[in-house]
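Enquirer:
This is the structure we're talking about:
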């Protein structure tokens with residue numbers, strides 16, 4: 442694999458990591474991968490495990506999250522009528538709460554103990570790993586900004602594919618390193634989020650990874666808000682402060698460019714089992 446970019450863990454450790462380009466899959470791979478990877482999640486800065494609302498960017502994140510939760514469940518309902526859903530990397534359980542309110546039978550996986558405890562306080566009980574569902578199948582499996590975190594990618598893709606029922610729907614949201622905001626901020630792009638993000642996907646890589654398992658891409662959708670939030674964090678990493686106005690215009694321009702290129706800051710992929 443060829444060197445692509447060097448960047449840092451700006452949110453927790455400030456350590457340097459390298460991104461390598463996998464030419465076959467057209468994706469980036471984080472190198473090296475720390476042996477104690479779980480320790481890089483043990484920070485109040487890692488917001489998806491804390492429900493934090495302390496800083497300005499935290500409050501923006503939580504506000505946007507509420508809107509996104511409604512949009513996510515509408516997207517699921519658009520593609521499937523069945524009601525048995527598995528959320529992988531469920532965090533503090535908020536998506537599953539919304540799914541339950543919409544009459545879904547909910548199941549979830551979350552390895553982080555603190556996040557699991559917060560979910561339990563909300564009445565959502567999560568399993569530790571996909572192995573806990575070895576003999577089950579689901580009509581819908583969702584991974585909202587989770588696939589990029591999973592080690593042993595091929596093994597995880599295989600496990601997910603085995604859990605998907607016949608004609609089941611798989612919904613994956615991941616950052617897109619081909620977006621304008623990624624190219625603008627380069628090593629400061631917050632969605633690289635090394636080393637927690639082990640993989641950095643393109644449309645080609647998602648298609649190739651899952652088509653080998655009989656799961657085909659049927660549609661993609663943009664995550665419009667991500668360009669703004671990621672740009673806000675990227676400004677902080679690059680300049681040491683959150684330049685709200687500049688971040689807004691970079692996010693806006695990124696979304697504008699994506700109207701033509703379809704390379705939004707983050708993309709939702711809807712895939713379906715075909716064999």
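Residue numbers (my numbering): 442 to 716.
Just so it is clear, CB atoms sit at the ideal spot from N, CA and C, and this is done for glycine as well.
What you are looking at is a predicted structure, and each value in this text was computed from that prediction instead of being measured.
I'd like to know whether the C-beta atoms of residue 470 and residue 530 end up nearer to each other than 8 Å.
Expert: Judged by their CB atoms, residue 470 and residue 530 are not nearer to each other than the 8 Å cut-off.
Enquirer: Note down the Cα distance separating residue 561 from residue 567, rounded to an integer number of angstroms.
Expert: 8 Å
Enquirer: Suppose you measure from the CA of residue 602 to the CA of residue 682; what does that come to, to the nearest Å?
Expert: 42 Å
Enquirer: If you draw a straight line from the alpha carbon of residue 490 to that of residue 655, how long is it in whole angstroms?
Expert: Its pLDDT being 49, under 50, residue 490 is placed unreliably by the model, and nothing is read from it.
Enquirer: Counting Cβ pairs, one atom from each stretch, are 3 or more of them under 8 Å apart for the region 700-716 and the region 658-666?
Expert: yes
Enquirer: Excluding the five sequence neighbours on either side, which residues of its own chain have a C-beta within less than 7 Å of the C-beta of residue 698, listed in chain order?
Expert: 621
Enquirer: If we require 4 or more residues per run, which alpha helix (DSSP H) segments fall completely within the region 597-670?
Expert: 621-626, 644-652
Enquirer: Quick one, are the C-beta atoms of residue 450 and residue 481 less than 8 Å apart?
Expert: yes
Enquirer: Which full runs of the beta strand (DSSP E) of 3+ residues lie inside the region 449-485, going along the chain?
Expert: 457-463, 468-472
Enquirer: What is the rounded straight-line gap between the Cα of residue 685 and the Cα of residue 506?
Expert: Taking the straight line joining both Cα atoms gives about 18 Å.
Enquirer: Between which residues of its own chain and residue 585 is the CB-CB distance below 6 Å, once the five residues before and five after are set aside?
Expert: 614
Enquirer: Check the C-beta distance from residue 582 over to residue 520 and give it rounded, since I have them as a contact under 8 Å.
Expert: Contact flag wrong, Cβ pair sits at about 12 Å.
Enquirer: Would you grab the beta carbon distance between residue 547 and residue 537 for me? Rounded to a whole angstrom, and I think it's under 8 Å.
Expert: 4 Å
Enquirer: May I ask you to list the residues that DSSP assigns as paired with residue 550?
Expert: 529, 568
Enquirer: Report yes if the C-beta of residue 539 is less than 7 Å from at least one heavy atom of the ligand NAD; otherwise report no.
Expert: With respect to small molecules bound, the structure shown includes none, and the ligand NAD cannot be examined in it.
Enquirer: In the DSSP assignment, what residue or residues form a beta bridge with residue 707?
Expert: When DSSP reads this structure, residue 707 sits in a beta bridge with 616.
Enquirer: With a 10 Å radius around its C-beta and 16 neighbouring C-beta atoms as the bar for buried, classify residue 695 as buried or exposed.
Expert: buried
Enquirer: Within the 8 Å Cβ cut-off, does residue 573 reach chain D?
Expert: In the displayed structure, chain D is absent; only one protein chain is listed.
Enquirer: At the level of alpha carbons, what is the spacing between residue 466 and residue 607?
Expert: Between residue 466 and residue 607, the C-alpha separation is close to 26 Å.
Enquirer: At the level of alpha carbons, what is the spacing between residue 488 and residue 649?
Expert: For residue 488, the predicted model reports a pLDDT of 49, less than 50, meaning its position is unreliable; a value from the coordinates is still stated below. Between residue 488 and residue 649, the C-alpha separation is close to 31 Å.
Enquirer: Use the C-beta contact count for residue 576: other C-beta atoms within 10 angstroms, 16 or more gives buried, fewer gives exposed.
Expert: exposed
Enquirer: Does the Cβ of residue 647 have 16 or more other Cβ atoms within 10 Å, making it buried, or fewer, making it exposed?
Expert: buried
Enquirer: What residue does the alpha helix (DSSP H) around residue 702 start on, and which one ends it?
Expert: 685-702
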